[in-house]
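Enquirer:
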Amino acid sequence: NLLQNSSTIPTGNGLEGTWRPNISGGNGRTEVVSLTDAPHTAIKKGIRIVENTNGGNKDFGQFVNLEIGQKYTISCWARVYSNSNQNNVNFLMRSYTSNDRNRLLVKNISNRDWVRYQFTFTADAVSNSIQFGQNGNGSIEICGMKLEKGDRATDYDISNSEIVSVVEFNDVVDTVKSHTQTIQNQDK
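Mind the numbering: the sequence shown is residues 280 to 467 in the numbering used here, read in order.
This is how it looks when you write it as structure tokens:
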């Protein structure tokens, strides 16, 4: 997964593993929410877009550098939020540079259960904002965002940057043991 922290979604400026909320001109708002019914065990949080009523896009995204001419597939799970005032919502995912020409999927959805969607595009710029959201009215929930090289979505996984290696874990354990021993020796 080329997107970082897609299972926990820390907010920020969309760089260095953070996710940028409230992109585009829709008047709704984006929220990071804990999920108890995520479609994959690695997914802890999702994005909820609510109160978008002016017909504009409301997105959540992350900046990623891509290889020009390379095919990429964006995927995620999405559903109409249970409290949505609309039965159908226009789900959106895209790769945005100076525009989203040929790198955009807008799909009218009505499902209230998680459904996985995918979209393949060819990169035509290095700097891309990979965005997930909605176009138009209603409320939507999105989770398990993934970007990968190739022309089809594979099973969801977290990015390599989210995996703590055994060596890193053992280094932390050794440090804690050392500090504990130092504190115990001071008590003698």
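Beta carbons: idealized from backbone N, C-alpha and C, even for Gly.
Is the CB-CB distance between N306 and N336 below 8 Å?
Expert: For the purposes of this step, residue 306 is taken as residue 27 along the sequence shown, with counting starting at 1. For the purposes of this step, residue 336 is taken as residue 57 along the sequence shown, with counting starting at 1. Taking 8 Å as the Cβ cut-off, N306 and N336 do not qualify as a contacting pair.
Enquirer: Can you tell me where the beta strand (DSSP E) with A432 in it begins and where it stops?
Expert: Position 153 of the sequence shown holds residue 432. Per DSSP, A432 belongs to no beta strand (DSSP E) and is neither H nor E.
Enquirer: Taking Cβ to Cβ, would you say G415 is nearer than 8 Å to N369?
Expert: Start at 1 with the first residue of the sequence shown, and residue 415 comes out as number 136. Start at 1 with the first residue of the sequence shown, and residue 369 comes out as number 90. Closer than 8 Å, so yes.
Enquirer: At what residues does the beta strand (DSSP E) containing K386 begin and finish?
Expert: For the purposes of this step, residue 386 is taken as the residue at position 107 of the sequence shown. Counting along the chain, the beta strand (DSSP E) containing K386 begins and ends at 383-388.
Enquirer: What number of angstroms, rounded off, separates the C-alpha of V394 from the C-alpha of E295?
Expert: As a position in the sequence shown, residue 394 is number 115, starting the count at 1. As a position in the sequence shown, residue 295 is number 16, starting the count at 1. The straight-line gap from Cα to Cα measures roughly 28 Å.
Enquirer: Let's test the definition: count the other Cβ atoms within 10 Å of the Cβ of S286 and tell me whether it reaches 16, buried, or not, exposed.
Expert: Within the sequence shown, the letter at position 7 stands for residue 286. Label assigned to S286: buried.
Enquirer: Which value, in whole angstroms, describes the spacing of the CA atoms of K323 and V343?
Expert: To locate residue 323, count along the sequence shown from 1; it is residue 44. To locate residue 343, count along the sequence shown from 1; it is residue 64. When rounded, the distance between both Cα atoms is 22 Å.
Enquirer: So G348 and S408 are supposed to be a Cβ contact under 8 Å. How far apart are they, rounded?
Expert: For the purposes of this step, residue 348 is taken as residue 69 along the sequence shown, with counting starting at 1. For the purposes of this step, residue 408 is taken as residue 129 along the sequence shown, with counting starting at 1. Incorrect: roughly 19 Å between the Cβ atoms, too far for contact.
Enquirer: Bridge partners for Y375 per DSSP, in chain order?
Expert: Taking the first residue of the sequence shown as 1, we reach residue 375 at position 96. Beta-bridge pairing links Y375 to S408.
Enquirer: Can you grab the Cα-Cα spacing for the pair G293 / Q410, in whole Å?
Expert: By one-based count along the sequence shown, residue 293 stands at place 14. By one-based count along the sequence shown, residue 410 stands at place 131. When rounded, the distance between both Cα atoms is 10 Å.
Enquirer: Report the three-state DSSP secondary structure of D338 (helix, strand or coil).
Expert: On the sequence shown, position 59 is the one that residue 338 refers to. Note: D338 maps to strand in three-state DSSP.
Enquirer: Taking I326 as part of the beta strand (DSSP E), name the residues at either end of that continuous run.
Expert: The residue you call residue 326 lines up with position 47 of the sequence shown. Looking at the DSSP string, the run of the beta strand (DSSP E) that includes I326 is 324-331.
Enquirer: Checking 8 Å against the spacing of the C-beta atoms, do L371 and Q413 come in under that value?
Expert: Reading the sequence shown from its first residue, position 92 is the one you call residue 371. Reading the sequence shown from its first residue, position 134 is the one you call residue 413. Yes; because the gap between Cβ atoms is below 8 Å, this pair is in contact.
Enquirer: For L345, which residues from the same chain have a beta carbon less than 7 Å from its beta carbon, with the 5 sequence-adjacent residues on both sides left out?
Expert: Mapped onto the sequence shown, residue 345 falls at position 66. So the list reads Y351, A402, V405, N407, once near-sequence residues are dropped.
Enquirer: By Cβ distance below 6 Å, which residues in the same chain neighbour W356 in space, the five residues on each side in sequence not counted?
Expert: Here residue 356 is taken as the residue at index 77 of the sequence shown, counted from 1. For W356, where only same-chain residues beyond five positions count, the Cβ hits under 6 Å are P318, W393, R395, C422, G423.
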